[in-house]
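Asker:
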Amino acid sequence: MTVVVPDRKALQDWATNHNVTGDFNSLCENLKARKYILDLLNNTGHKNQLRGFEKLRAVHLEPNPFDMERDLITPTFKLNRPRLLKYYEDIVDQLYSEAK
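To convert, note that position 89 of the sequence shown is 89 in full-length UniProt numbering; the numbers rise steadily by one, no gaps.
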């Protein structure tokens, strides 16, 4: 399971090329867009010889970048992992149930 903040332009370009419409927020919720990002990540993992248990099963596309206002990153721009886990707990639980 993973939470990804996609590049806005890249996702919108993909949507245009695949006849998917909507604003950035709706693209982040689009199942085809989620599958596209998941496939990209897993292809990269395959090229780098990740094992089966290391491969991703589901992805959440977050339209808002991680920021200090929500305490999701530190002042040195490192991920605040405990805060991220708590902030996205419900979403990660939902991803686990979808992946079964």
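Just so you know, even glycine gets a beta-carbon here, dropped at the ideal spot from N, CA and C. Treat the numbers as computed from the prediction; the structure is a model and nothing was measured.
(1) Which same chain residues, not among the five before or five after Gly45, have their C-beta less than 6 angstroms away from its C-beta?
(2) When you compare each of Gln12, Asn48 and Leu79 to Tyr36 by their alpha carbons, which one comes out closest?
(3) For the stretch 70-86 against the stretch 25-44, do three or more pairs of beta-carbon atoms, one drawn from each stretch, fall closer than 8 angstroms, so that the two count as touching?
(4) At 3 residues or longer, what runs of the beta strand (DSSP E) sit wholly inside the stretch 37-94?
(5) Below 7 angstroms CB to CB, which residues in the same chain sit around Leu72 once its five sequence neighbours on both sides are set aside?
(6) Assign Thr2 to one of three DSSP states: helix, strand, or coil.
Answerer: Reading off the structure:
(1) For Gly45, the CB contacts under 6 angstroms within the same chain, skipping 5 residues up- and downstream, are Lys55 in chain order.
(2) Out of Gln12, Asn48 and Leu79, the CA that lies nearest to the CA of Tyr36 is found in Gln12.
(3) Using a C-beta cut-off of 8 angstroms, the stretch 70-86 makes no contact with the stretch 25-44, since fewer than three inter-stretch Cβ pairs fall below that distance.
(4) Runs found: 59-61.
(5) These residues qualify, in order along the chain: Phe66, Asn80, Arg83, Leu84 and Tyr87.
(6) Look at Thr2 here: in three-state DSSP terms it is strand.
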